[in-house]
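K.L.:
This is the structure I have questions about; it appears just below.
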Amino acid sequence: MAGKFYITTPIYYVNDKPHIGHAYTTILADVLSRYHRAEGEDVFFLTGLDEHGQKVQQAAEERGIDPKDHCDEMAPRFLELWEKLHISNDDFIRTTEDRHVKVVQDILQIVYDNGDIYEDEYEGLYSVSEERFITEKEAESGDFRDIKKLKEKNYFFKMSSYQQGLIDHINNNPDFIQPEHRKNEVLGFLRNPLGDLCISRPKSRLNWGIDLPFDTNYVTYVWFDALINYVTATGFGANDDSYTKWWPAEYHLIGKDILTTHAVYWPTMLLSAKMPLPKSIFAHGWWLMGDSKMSKSLGNVVNPLDLIEEYGVDPVRYYLMREMVLGQDANFTMESFIRRYNSDLANDFGNLLSRVSKLIEKNFDSVVPDPVENTDAENVIQNAAEKVIASIHTLIEEMKIHDALEETLQFIRGVNKYMEQQAPWKLVKEDKTAAGRVLYTAAEALRIGTLLLEPVMPNRTEIVLETLSVSKRELNWGGLKAGIKLKQHPPLFPRIDVKKEKIEEKEKFINYEDFEKLGLKTAEILTAEKVEGADKLYKLQIKMGNEEQQIVSGIADHYTPEELIGKMVVVVSNLEPATIRGVESKGMLLAASRKKELSLIIVDGKKVESGKKVY
Ligand code: MSP
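Residue numbers (the working numbering): 2 to 616.
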């Protein structure tokens, strides 16, 4: 029986409008939720807003409005973004909701009754901007503004009592904090004695929060309040079994900056309340732009909405998932976005759909042909499909989304290669059954690749599935029915014209090692003949010392075979082999070109033999 899967995002502060940091974690949770739903699991996906505390009170004060009104104005902005991003959350929690206030007070009371909350007077240096007491050392560092001496009576949570319990839990549950290096960071932090946590704020300086149930002169510290949202949403304290069904969560997804609150405060709170701990806390890295964090405080926020409007939501989701190795930081650049879009989405995925559907339309009246029987070539594709399905399952379990996407794209690239090798546009003239077999195989592989990409790109994949009349999401080879009529479809990913986008390609330096990787060599052209059915292409035999290689090159408009034979040219000898118009090509000739002019790089053959390295 498929299990349950409860996943959460942080709840976001409402002191500013949503930015890419919020969008990223929420998309990540959405993608994982969709993968797990597709596996038949019962999924509960929670996101929401953190509406209390000094930051929100300040933001409201600056606008001269009531904090609750401020929250009510901000909440729809997040909801609108989630809708735009096609977020399939099951619940949206706001910490000002009654259901949450009640649970926070219930848990505070439980912890209090367990003897884990005590009152103490504290005198120390207080940073108004950071909203916390700081040490002498911190005050000297100069990193804190608005410091004043403050004497205050407050309530403290005996976090220190649970230090060893937490260390043991981390050691006994290797997946509790992920990735591994974050676990080590927390264990390192726990090597020093853990202090107790001040969990109250006197109303004299902050009144925007949840009243302590045992002393209404105080509101609850915002983190103690916020973390509890994860159990509130499961229906803790309600008269049904939803809390026991969902809690503990399988994953709390967070950014690395809020690791201590999630991996130290939260578990010790739960240990005190005698509640189960979440199964995993997964901290991802930051999106950087240049070298700085893309966040509101730096004012260099790239609003994901801008990219969505221009290129659609799926390419943005794809880019964010493909480009960030979970756990590490990633760099956001327009160049890399366009590169990914054009190569993976337009050239690989989109191209496969357009080729398959055009060829079936032209040669089979849009009716998916019968595969009849596989030959070896089809078996290779079918095996690759079965392999990629199994491997994506494992990679998602391991939270390796970028690898899952790369493997899926590699599978799609393999199908494009198979199409080139089989050339059904040619084959159809000689053997229509064979061409039908190839097109069925490519269409079936496309269906499987599409289903594997659906959690990341739920919109554009729908276009493919509709074209192929797929209603059931079967991930088995042969799910595509022969005899169905293909529907018309718009272009899946129209190429982004880089020139039009005026993307400045900055000169990038490569080091000598990079250069050495290019196997540049002198080569003598032995023969040149036209590739059948392709006017611009020559099939060339070249000689490099004792080796001979075949290269397909698009220079037929510029040179006659006679002009080429005997010439000494420069080739990239170690270029990955490709099949161009059904002809094997290994390597590439170097030429200079300007508009329609083209000139080969010719070497003085009297002085240098073929097969020599070019530096
Ligand atoms: N309200 C707290 C979380 C409470 S959870 C019980 C909070 N909110 S936040 O709005 O400031 O940030 C939410 C998340 O956004 C954090 O996980 C943070 O890491 C993430 N990001 C903010 N900027 C980011 C990037 N530039 N890149 C990726 N994520 C980053 O903290």
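Glycine included, C-beta positions come from ideal geometry on N, C-alpha and C.
If I'm right that Val584 touches Val532 with Cβ under 8 Å, what's the distance once you round it to whole angstroms?
P.N.:
6 Å between Cβ atoms; contact.
K.L.:
I'd like the list of long-range same chain contacts for Asp515, defined as Cβ closer than 7 Å, with 5 residues on each side in sequence excluded.
P.N.:
If we look at Asp515 and ignore the five residues flanking it on each side, it has no Cβ neighbours.
K.L.:
Is it right to say Val499 is buried, meaning 16 or more other beta carbons lie within 10 angstroms of its own, or is it exposed?
P.N.:
The residue in question, Val499, is exposed, as its Cβ has fewer than 16 Cβ neighbours within 10 Å.
K.L.:
Can you say whether Val373 is buried or exposed, counting buried as having 16 or more other CB atoms within 10 angstroms of its CB?
P.N.:
Classification of Val373: exposed, given that the 10 Å Cβ count is below 16.
K.L.:
Check whether the Cβ atoms of Asp197 and Phe157 sit closer than 7 Å, and answer yes or no.
P.N.:
The answer is yes: Cβ separation under 7 Å.
K.L.:
So who's on the other strand from Asn193, going by DSSP bridges?
P.N.:
In DSSP, Asn193 forms no bridge with anything.
K.L.:
Rounded to the nearest angstrom, how far is the Cβ of Tyr119 from that of Lys159, given a contact under 8 Å?
P.N.:
About 7 Å; that satisfies the 8 Å criterion.
K.L.:
Is any heavy atom of the ligand MSP found at a distance shorter than 6 Å from the C-beta of Gly256?
P.N.:
Indeed, a heavy atom of the ligand MSP lies less than 6 Å from the Cβ.
K.L.:
Between which residues of its own chain and Ile393 is the CB-CB distance below 7 Å, once the five residues before and five after are set aside?
P.N.:
Within the same chain, Ile393 has close Cβ partners Ala405, Glu408, Thr409 and Leu453.
K.L.:
What does the Cβ neighbour count give for Glu505, buried or exposed, with the cut at 16 atoms within 10 Å?
P.N.:
The predicted position of Glu505 is uncertain, since its pLDDT is 44 and thus under 50; a value taken from the coordinates is nonetheless stated next. Its Cβ having fewer than 16 others within 10 Å, Glu505 is exposed.
K.L.:
Within 10 angstroms of its Cβ, does Lys486 collect 16 or more other Cβ (buried), or is it exposed?
P.N.:
Label assigned to Lys486: exposed.
K.L.:
Along the chain, which unbroken stretches of the beta strand (DSSP E) at least 3 residues long are found entirely within the stretch 56-142?
P.N.:
The qualifying runs are 92-95, 118-128 and 133-135.
K.L.:
Under 7 Å between C-beta atoms, does Asp212 make it to chain C?
P.N.:
Reference to chain C is not applicable here, since this structure consists of a single protein chain.
K.L.:
Which class does Tyr616 belong to by DSSP, given the choice of helix, strand or coil?
P.N.:
Here Tyr616 sits in coil by DSSP.
K.L.:
Just checking my contact of Val357 with Ala443 at CB under 8 Å: how many whole Å lie between their CB atoms?
P.N.:
Their Cβ separation, rounded to whole angstroms, is 5 Å, which keeps Val357 and Ala443 in contact under 8 Å.
K.L.:
Using the C-alpha atoms, what's the distance from Gly415 back to Gly22?
P.N.:
In a straight line, the C-alpha of Gly22 is about 34 Å away from that of Gly415.
K.L.:
Mind checking who Ser1 pairs with in its DSSP beta bridge?
P.N.:
Shown here, the chain extends from 2 to 616; a query on residue 1 therefore has no answer.
K.L.:
Could you give the distance in angstroms between the alpha-carbon of Leu299 and the alpha-carbon of Asp258?
P.N.:
Summary for Leu299: the model assigns pLDDT 40, below 50, so the residue's position carries little reliability, and this model does not support an answer.
K.L.:
Under the rule that 16 or more other beta-carbon atoms within 10 Å means buried, what is Asn218, buried or exposed?
P.N.:
So Asn218 counts as exposed.
K.L.:
With DSSP as the reference, label Ala378 as helix, strand or coil.
P.N.:
Looking at Ala378 - three-state DSSP - the assignment turns out to be helix.
K.L.:
In three-state DSSP terms, what is Glu508?
P.N.:
Unreliable positioning characterises Glu508 in this predicted model, as indicated by a pLDDT of 46, which lies under 50. A coordinate reading is not provided.
K.L.:
Near Ile382, which residues of its chain fall below 6 Å by C-beta distance, leaving aside the five closest residues on each side in sequence?
P.N.:
Cβ neighbours of Ile382 beyond the five flanking positions: Tyr419, Thr442 and Ala446.
K.L.:
State the start and end residues of the unbroken beta strand (DSSP E) segment that holds Tyr539.
P.N.:
Tyr539 -> beta strand (DSSP E) spans Ala535 to Met545.
K.L.:
Less than 7 Å between the C-beta atoms of Ser281 and Gln423, yes or no?
P.N.:
It is not a contact, given that the beta carbons lie outside the stated cut-off.
K.L.:
Can the beta-carbon of Ile1 be found closer than 7 Å to that of Val104?
P.N.:
Summary: the structure shown does not reach residue 1, with the chain confined to residues 2 through 616, and so no result is reported for it.
K.L.:
Does the count of Cβ pairs from the stretch 245-253 and the stretch 267-279 closer than 8 Å reach three?
P.N.:
Segments in contact, yes.
K.L.:
Going by DSSP, name the residue or residues bridged to Gly256.
P.N.:
In the DSSP output, where bridge partners are listed per residue, Gly256 has His285.
K.L.:
Within 6 Å: the Cβ of Leu50 and any heavy atom of the ligand MSP?
P.N.:
No, the Cβ of Leu50 stays beyond 6 Å of every heavy atom of the ligand MSP.
K.L.:
Please state whether the Cβ-Cβ distance between Ile543 and Ile552 is less than 7 Å.
P.N.:
Yes, these two residues count as a Cβ contact at 7 Å.
K.L.:
Looking at C-alpha atoms only, which residue of Leu82, Pro268 and Lys388 is the closest neighbour of Ser161?
P.N.:
Checked all of Leu82, Pro268 and Lys388; the closest Cα to Ser161 is Pro268.
K.L.:
Taking the alpha helix (DSSP H) that Met270 belongs to, which residues open and close that run?
P.N.:
Start and end: Trp267 to Ser273.
K.L.:
Is there contact between the stretch 320-328 and the stretch 360-374, where contact requires at least three CB pairs shorter than 8 Å?
P.N.:
No, the stretch 320-328 does not touch the stretch 360-374.
K.L.:
Please report the distance separating the alpha-carbon of Glu455 from that of Ala391.
P.N.:
About 16 Å.
K.L.:
Does the distance from the C-beta atom of Val129 to that of Met75 stay below 7 Å?
P.N.:
Taking 7 Å as the Cβ cut-off, Val129 and Met75 do not qualify as a contacting pair.
K.L.:
What are the start and end residues of the beta strand (DSSP E) that includes Arg595?
P.N.:
Segment Ala592 to Arg595, the beta strand (DSSP E) holding Arg595.
K.L.:
Would the beta-carbon of Trp248 be found less than 6 Å away from any heavy atom of the ligand MSP?
P.N.:
Trp248: no, Cβ never under 6 Å from the ligand MSP.
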